[in-house]
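Residue numbers (full-length UniProt numbering): 1 to 790.
Here is the structure we will look at, set down as structure tokens.
Below is the structure:
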């Protein structure tokens, strides 16, 4: 076990979050150290340094990135919030800032996934993490604390860092679970859950849920940290429906596999079938067969075959874990190699008594069940391969869950977010404060918060008042809803792109948390999402609207209907994955306002405006910047934000040695790139013809925010401020982006000088203001404010 990666103590015991209305510095310090320790402890399972540089998922980066990334995010957010003045290592804070977000399952591998790319050594990363730990402890000890901690408080950035780290504890655990089994080892303190509980789960009855009105959303004054997508309010009617008492188990899903479900196209959507053919999947990804299935790893382990399981060792006659770390008896008790059963960490609580679990065989036609498992398939836990635990929930992606529902027929589908809220039953009033949230309970009756290091039998924890089990915890549940903000959504200026880029209709929600969900992830308000082909500790349960008849049934499911253009890929198909003849869903616009600019008609209008109807606006603006630069700046590096379809960049190209021109609109950037390449372009009758100049000094780039890679410019033109969803998130970066004495020119028809100065954090001096007639047919003027970085 790699204890040399620890900068604190080894632990797998998760503490409850802080109550931001009354927390002490001592509690904040303890929660931070617990978050930091938990993450590092997870990486002790990697056998040696070389494993950090492997890609267990071809659509993700090597684990070294995620090991460093969480510490980097602390520094970046604390710097934005003003809690620290100096950086720790800017190269690290750029390299490890941003991961990858694949567009499809067959995306080309990122250049950082292996090959000749040289990452820092693990010793260097550990040293960086140690330095960041000490800096944060110093911040906690010496920064005045004013309660309550709110979104406007600098301390919010620290809690953001902690909850971000806890998200990566979970996502890194999935990557480690995908790693070749001989590259990991189970820490001695890690305890898997029981294989069976009581008599096992052999029936999954439907439970009736009454018609009701549901409200979703977290109050802004609730006493815990929350991500931006949790806030806002949505009230909707949920019609009566039936839902499975338990999440679908490995036993139930095994019947689908036996029935040839992975071979029958009629159960899969067109998108899902393409994914299936690409991956050549024959069963869920964490099942192990003997058919030589390719794992989906990347880089130098891209050809790894995980479906060649090692023979499980025998311990005292009981089939156990391949590496010999643990055995499970027929009662579901777990014991260590040294003997003596015990509850994991002493944290585990549940009601009811385990039944006498004498060994029994249950014939299921195609397999033999012994002690709640089957040897027909192995099952990959975090660190070992075991006989398939039939009573544990199956781990699948959205496509597999949908295919199972189609196979079952009878109107079965996945739940909607509002239905999942109804499934929770009566919750404590939020007026009771944090005690109304499950993660703040002293006794959590759910497989959450690392009480176990794996799933548990679906019948192990008591049902709620409605008769449903595992509505919280065990594994996440896939929803039919697309991820979207709630009415009143507003991004955080500290993390503008945390949620909003995923409001694209291609991310489906997961709710409820898993066994490794801690902190805000395990909260009653948590809302997360992944692309439909993505693997997580996630499963599903089925619902059906009641009564289901020949008429079209209205269901409380929200789907994003905003078309999203992807640079170089046009607008990919994104059909409704429910039968629209049977179900009526709520189609809503994306709450990411920046995505609305991707409409083709907007592109055509903007192109005509820049190159024909209002070309003089850009000429005048370029001339204004040229005059300011001559007086106050050098002509080396220019950053243009809001470059549109390129007119302003081409106008200023001859004045600067290097120019980075960015816009958040993919269609705009692609048009500018095409024009730069060809020199002329026509869109819907409008024509652009560039001058005979060399434009190779311009780099056009699509960015939804300003990461650290955008750095050290002499002059910044911030055009189109009014188009931004959260201008504060952009302005706050200029203190680092601009060199000392650098010049910022901001153009806006909405924001006053005072407001801009506030967003700039008062580290700029106003030089002068000018007026410029607005573009197109507008009769108004824009304020052009000119600032010097001091």
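The beta carbon of each residue, even a glycine, is placed where N, CA and C say it ideally should be.
Could you tell me whether the Cβ atoms of residue i and residue j are closer together than 7 Å?
i	j	result
residue 504	residue 247	no
residue 543	residue 241	yes
residue 714	residue 633	yes
residue 450	residue 516	yes
residue 29	residue 230	no
residue 393	residue 455	yes
residue 670	residue 567	yes
residue 522	residue 512	no
residue 140	residue 25	yes
residue 93	residue 73	no
residue 483	residue 184	no
Thinking C-alpha only, which one of the options is nearest residue i?
i	options	result
residue 541	671, 408, 125 and 244	244
residue 769	22, 745 and 589	745
residue 215	236, 185, 95 and 383	236
residue 599	546, 152, 665 and 645	665
residue 388	394, 379, 396 and 395	379
residue 561	575, 554 and 551	575
residue 412	521, 438 and 547	547
residue 553	564, 143, 54 and 580	580
residue 225	649, 427, 20 and 297	20
residue 731	752, 723 and 756	756
residue 445	463, 454, 429 and 433	463
residue 789	738, 772, 545 and 466	738
residue 685	617, 609, 657 and 639	609
residue 683	668, 692 and 696	668
residue 638	403, 630, 646 and 653	653
residue 198	58, 386, 391 and 484	391
residue 238	784, 421, 304 and 275	421
residue 672	657, 490 and 689	689
residue 431	23, 223 and 253	223
residue 138	627, 85 and 384	85
residue 727	448, 601, 203 and 759	759
residue 582	46, 555 and 525	555
residue 773	644, 698 and 616	616
residue 557	4, 61 and 478	478
Assign residue i to one of three DSSP states: helix, strand, or coil.
i	result
residue 9	coil
residue 482	strand
residue 208	strand
residue 202	coil
residue 474	coil
residue 100	coil
residue 573	coil
residue 281	coil
residue 179	coil
residue 4	helix
residue 150	coil
residue 245	coil
residue 598	helix
residue 41	helix
residue 359	Because residue 359 sits at a pLDDT of 33, beneath the cut-off of 50, its placement in the model cannot be relied upon, and the point is left open.
residue 545	strand
residue 90	helix
residue 55	strand
residue 227	coil
residue 312	Bear in mind that a pLDDT of 42 at residue 312, under 50, signals an unreliable position, so the model cannot answer this.
residue 346	In this prediction, residue 346 scores a pLDDT of 37, lower than 50, which makes its location untrustworthy; the coordinate-derived value is nonetheless stated afterwards. Looking at residue 346 - three-state DSSP - the assignment turns out to be helix.
residue 784	strand
residue 508	strand
residue 591	coil
residue 789	strand
residue 732	coil
residue 583	strand
residue 773	strand
What is the C-beta distance between residue i and residue j, in whole angstroms, given that I count them as a contact (C-beta under 8 Å)?
i	j	result
residue 228	residue 472	Actually they are not in contact, since the Cβ atoms of residue 228 and residue 472 sit about 22 Å apart, beyond 8 Å.
residue 496	residue 705	5 Å
residue 372	residue 200	5 Å
residue 163	residue 425	With a Cβ gap of about 26 Å, residue 163 and residue 425 do not count as contacting.
residue 160	residue 494	6 Å
Return no unless some Cβ of chain B is closer than 7 Å to the Cβ of residue i.
i	result
residue 545	Absence of chain B from the displayed structure is noted, only one protein chain being present.
Using a threshold of 6 Å, is the CB atom of residue i nearer than that to any non-hydrogen atom of the ligand SAM?
i	result
residue 717	The ligand SAM is absent from the structure shown, which contains no ligand whatsoever.
Extract the residue ranges of the beta strand (DSSP E) inside the region 644–712, only unbroken runs of 3 or more that lie entirely within it.
The qualifying runs are 658–663, 680–683, 686–689 and 698–702.
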